[in-house]
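Student: Taking numbering that gives the first Met the number 0, I'd label the letters of the sequence shown as residues 0 to 661.
Virtual Cβ for every residue (Gly too), placed ideally from N, Cα, C.
Below you'll find the structure I mean.
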Amino acid sequence: MPALKLPALSRAAGSVRLPGSKSISNRMLLLAALAQGSTEIHNLLDSDDTRVMLTALEKLGVGVTALGDDIWRVEGCGGAFPVKDADLFMGNAGTAIRPLTAALALSGGAYRLSGVARMHERPIGDLVDGLRQIGADVRYTGESGFPPLAIHPANVAVAAPIRLRGDVSSQFLTALLMALPLTGEAAVIEMTTELISRPYVEITLNLMARFGVEVRRDNWQRFTIAGGQRYQSPGQLYVEGDASAASYFLAAGAIGGGPVRVEGVGKDSIQGDVRFADALEEMGATVTWGERHIEVSAPSSGKLKAFDLDLNHIPDAAMTLAVTALFADGPCRLRNIASWRVKETDRISAMATELRKLGATVEEGADYIAVTCPRNGIPGMQSPPAPIFCTDVAIDTYDDHRMAMCFSLAALSGVPVTINDPQCVNKTFPGYFDALAEIAAPVIAIDGPSASGKGTVAERVAATLGYHYLDSGSLYRLVALAAIRANTALDDEVAVAALAGGLPASFEGGRILLAGDDVSDAIRSEEISAGASKVAALPAVRSALLARQRAYRRFPGLVADGRDMASVVFPDAMAKVFLTASAEARAERRYKQLIAKEMPANMHALLQDLQDRDARDAQRSVAPLRQCDDAELVDTTQLDIEAAVATVMAHVRRSQLPSGIR
Ligand code: DC
């Protein structure tokens, strides 16, 4: 996939529905596979790392069935994988290889586990040492201490406490904890070092409990599993949103004004990474917590404060803070993050290299990174800052999804940023850049009455800038046509809204299709114009179309025309224009269009129709047609199309200046 050139961004606001948590998804899949009974898992993350786990379980003879886009049924094998000999490819998924190694080592079969080249550089020795203490036969087939591994059948017996290191990765403890109940025996694990990334172990304990296995924890030092416990399926489970993925959007809200809301994690989350929001709060951002959402806005001062934090408890989300540090008012220090060095890449080194490309001064140590942003100390700077990061920077991503997601935030400094190999986000978040675009891609909103020329102007502005184009009126027209074709009364709000919610419409190369039928001309008839104005007055219809309209917001940007683009659909649009013309001038334009298409036209009737529609659009209770306070008025009565486009473009160029120097 080619590099992704992110445009200069100036604002971020809106809401994002998070994909399911990776950590929870892969743990639930394995526990469901090991349990007795079948488990239905909802909101399972669909990404490279969960595919690795699903494929491995299938190869091991576990029944896994997709019941919907993000719903899977797993037939538990009651602790004994049906397939006793298999080669398993683990990609670069740490959440798959570590727990599977432990479970397979206690399963009495012969298995070979390997991964991508980087996986073979990621340590697993502490886990293997732990497993060997109870008689498991796990051998290195490459370099000692690293995958690939060969597991042979062995007689496992748990007697003395298992002594385990916890200072390289908490996943070794997670893996042992999840596997030990397979022996049916009582087991004790004693940590021989400090345990890092503790919140991830908490996720493990929480999920094991949901499958009926209790672990006694003494101070993060000793873990005791009583004998005779077996995993039992709880039936149905729901994966909460990914809290690490949430960090990018929450940071975008703190940097780009906000409010940005993430939906899918909230105050009752079992993921430690939600504590990332506390770090943003320390930087001065405003954070609000709901049951299932978190919302962040920039500090009212506009400035994010510098920080010096121990981030051992949120190692993944901490990467997001390293890039957020670029926007802080002083030098920032991220401490106690040694585990970064053994993740998808050496994240301390990769982060330092790429931050320097943007002009930051970076100091790195074995377990810390200190970041001083390039514009530090420039007085009076607002957030988002003026474009004084280095421009034309291409960020390398090291096959590390988090590098790509983190550095996308640098574009909020008001300079374009290129992300090399952006597809690496597929590891945990295939739709990441689309989700970011929905809160941050520049939008030019062009509203105005019928026949003001806004459609033509908007299309040309979009073509000039290379932006996407949304003709929102056509959606209301399509709803009216669909309702008429379905014999639905245009004032039956519930029925028309249902049609709008599932509208089978698509836009292909200038043609508008409804259920595959080309209706480009049909939706322009006077009957449909009047019908569209009627259905557009129904609140339920408007809300049914809202998400659909917002999904058009993509990189590099969007020009959207309609009636409420600036007021309701894209209230944070970068540039807002209210395009109008006298009713007489608009009626005359419509008359000429109809005659050109050899359609019947009557000047007097057209004028009357226009005035009726203007009145209906302006007087309705929801999203009435009106000029927003922050919209530029462009009256095209005396302007031809070229002049109207030039006037709008001039306004857009003025608005594109980053807010810090506006
Ligand atoms: O822009 P247009 O003439 O194609 O719009 C058709 C109808 O849809 C018009 O009566 C107003 C309504 N509309 C709306 O209410 N909100 C929008 N964003 C776009 C159109």
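Once DSSP output is grouped into helix, strand and coil, what is the label at TRP71?
Tutor: Note: TRP71 maps to strand in three-state DSSP.
Student: What first and last residue would you give for the beta strand (DSSP E) that runs through HIS312?
Tutor: Premise fails: HIS312 is in no beta strand (DSSP E) and is neither H nor E.
Student: Can you list, in chain order, the stretches of the beta strand (DSSP E) that have 3 or more residues and sit fully within the segment 258 to 330?
Tutor: The segment 258 to 330 contains these whole beta strand (DSSP E) runs: 285 to 288, 292 to 296 and 307 to 309.
Student: Apart from the five residues just before and just after ARG484, which ones in its own chain have a Cβ nearer than 7 Å to its Cβ?
Tutor: The answer is none, since no qualifying residue turns up.
Student: Three or more beta-carbon pairs under 8 Å between the segment 509 to 523 and the segment 438 to 450, yes or no?
Tutor: Output reads no: the segment 438 to 450 does not touch the segment 509 to 523.
Student: Which residue comes first and which comes last in the beta strand (DSSP E) that contains GLY13?
Tutor: That run of the beta strand (DSSP E) goes 11 to 16.
Student: What residue range is occupied by the uninterrupted alpha helix (DSSP H) comprising PHE432?
Tutor: Element bounds for PHE432: 431 to 439.
Student: Assess contact between the segment 574 to 588 and the segment 495 to 503, defined as three or more Cβ pairs (one per stretch) separated by less than 8 Å. Is contact present?
Tutor: No contact exists between the segment 574 to 588 and the segment 495 to 503.
Student: For TYR247 and PHE506, I'd like the C-alpha separation in whole angstroms.
Tutor: Rounded to whole angstroms, TYR247 to PHE506 spans 31 Å at the Cα level.
Student: Hey, would you say the C-beta of TYR468 is under 7 Å away from at least one heavy atom of ligand 1?
Tutor: TYR468 Cβ: outside cutoff for every heavy atom of ligand 1.
Student: Which one or two residues does DSSP pair with GLN235 in a beta bridge?
Tutor: According to DSSP, which records beta bridges pairwise, GLN235 is partnered with GLU39.
Student: Should SER449 be listed as close to ligand 1, given that the test is whether its C-beta is under 7 Å from any heavy atom?
Tutor: True, at least one ligand heavy atom lies under 7 Å from that Cβ.
Student: Return the first residue and the last residue of the alpha helix (DSSP H) that MET402 is part of.
Tutor: Where MET402 is concerned, the enclosing alpha helix (DSSP H) stretches over 400 to 407.
Student: In the segment 495 to 537, which residue ranges form an unbroken beta strand (DSSP E) of at least 3 residues, counting only runs that do not cross its ends?
Tutor: If we require 3 residues or more, the beta strand (DSSP E) runs fully inside the segment 495 to 537 come out as 504 to 507 and 510 to 513.
Student: By Cβ distance, which residues of its chain are closer than 6 Å to VAL361, with the 5 residues on each side in sequence left out?
Tutor: The residues are ALA351, LEU354, ARG355 and VAL370.
Student: For ligand 3, is there a heavy atom less than 7 Å away from the beta-carbon of MET564?
Tutor: Only ligand 1 can be found as ligands here, which leaves ligand 3 out of the picture.
Student: Using three-state DSSP, classify ALA617 as helix, strand or coil.
Tutor: Correct three-state label for ALA617: helix.
Student: Name the two residues that bound the continuous beta strand (DSSP E) containing SER113.
Tutor: Here the beta strand (DSSP E) through SER113 covers 109 to 113.
Student: Measuring alpha carbon to alpha carbon, tell me which residue in LEU53, ILE23, ARG615 and VAL633 is nearest VAL651.
Tutor: When only C-alpha atoms are compared, the closest one is VAL633.
Student: I'd like to confirm the pairing. Which residues does DSSP put opposite VAL63 in its beta bridges?
Tutor: For VAL63, which the question treats as bridged, DSSP gives the partners VAL73.
Student: Going by CA-CA distance only, name the one from LEU357, PRO330, VAL264 and ILE368 that's closest to ASN311.
Tutor: Checked all of LEU357, PRO330, VAL264 and ILE368; the closest Cα to ASN311 is ILE368.
Student: What does the Cβ neighbour count give for PRO180, buried or exposed, with the cut at 16 atoms within 10 Å?
Tutor: Counting Cβ neighbours within 10 Å, PRO180 comes out buried, since at least 16 surround it.
Student: Using 8 Å as the Cβ pair cut-off and three pairs as the minimum, do the segment 429 to 443 and the segment 25 to 41 touch?
Tutor: Touching, no.
Student: Between GLY134 and the rest of its own chain, which residues show a CB-CB distance below 8 Å, the 5 nearest in sequence each way excluded?
Tutor: The answer, listed in chain order, is ALA153, ASN154, VAL155 and ALA156.
Student: Under 8 Å by Cβ, that's how I've got ALA565 and LYS575 pegged, so tell me the actual separation to the nearest angstrom.
Tutor: With 8 Å as the limit, ALA565 and LYS575 qualify as a contact, their Cβ atoms being about 4 Å apart.
Student: Can you tell me which of GLY183, LYS83, ASP166 and GLY240 puts its alpha carbon nearest to the alpha carbon of ILE150?
Tutor: Closest by alpha carbon: LYS83.
Student: Looking at the structure shown, is MET0 part of a helix, part of a strand, or coil, going by DSSP?
Tutor: Correct three-state label for MET0: coil.
Student: Over the uninterrupted alpha helix (DSSP H) stretch that includes ASP47, give me the two end residues.
Tutor: Taken as a continuous stretch (DSSP letters only), the alpha helix (DSSP H) holding ASP47 covers 47 to 58.
Student: Using beta-carbon positions only, say whether GLY556 and LEU464 come within less than 8 Å of one another.
Tutor: Yes, they are a contact pair.
Student: State the CB to CB distance for the pair ALA185 and ALA225, rounded to an integer number of angstroms; the pair is presumed to be in contact (CB under 8 Å).
Tutor: Contact flag correct, Cβ pair sits at about 6 Å.
Student: Start and end of the alpha helix (DSSP H) containing GLU559?
Tutor: Per the sequence shown, residue 559 should be read as Ala rather than Glu. Element bounds for ALA559: not the alpha helix (DSSP H) but the beta strand (DSSP E), 557 to 561.
Student: Quick check: ALA403 and CYS423, are their CB atoms within less than 8 Å of each other?
Tutor: Result yes, Cβ atoms of ALA403 and CYS423 sit closer than 8 Å.
Student: In angstroms with no decimal places, state the Cα-to-Cα distance between PRO415 and TYR230.
Tutor: About 51 Å.
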